[in-house]
Amino acid sequence: MKTISSTWTASSSPGKLSLRVPDNLAAGLYTIEIVTKYSAHGSKELKEARTIRFLTQLRVNN
């Protein structure tokens, strides 16, 4: 699996994450994974990072 990094911007709405993907991202299906050290509710920092994988894939068209 190829990893493509993205920058993210904080959102003031709970449960919402905004991110930018590269302009030159090739067409295809992508799985979005987020690696974080915060708990599910964001109330505390965890000792170990956890990975969240979205079930719905991102589709990029030409």
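In this note's numbering, the protein residues as written are 4 to 65.
A virtual CB, placed ideally from N, CA and C, is assigned to each residue, including glycine.
Could you check the C-alpha separation between residue i and residue j for me, to the nearest Å?
| i | j | result |
| --- | --- | --- |
| residue 35 | residue 62 | 11 Å |
| residue 48 | residue 39 | 9 Å |
| residue 19 | residue 55 | 14 Å |
| residue 51 | residue 32 | 29 Å |
| residue 23 | residue 46 | 25 Å |
| residue 41 | residue 27 | 30 Å |
Should residue i be listed as close to the ligand SAM, given that the test is whether its C-beta is under 6 Å from any heavy atom?
| i | result |
| --- | --- |
| residue 52 | Of the ligands one can find in the structure shown there are none, so the ligand SAM has no counterpart to examine. |
Anyone know if the C-beta pair for residue i and residue j falls short of 7 Å?
| i | j | result |
| --- | --- | --- |
| residue 65 | residue 43 | no |
By the three-class DSSP mapping on this structure, what secondary structure does residue i have?
| i | result |
| --- | --- |
| residue 42 | coil |
| residue 24 | coil |
| residue 50 | strand |
What first and last residue would you give for the beta strand (DSSP E) that runs through residue i?
| i | result |
| --- | --- |
| residue 58 | Unbroken run through residue 58: none, as it is neither H nor E. |
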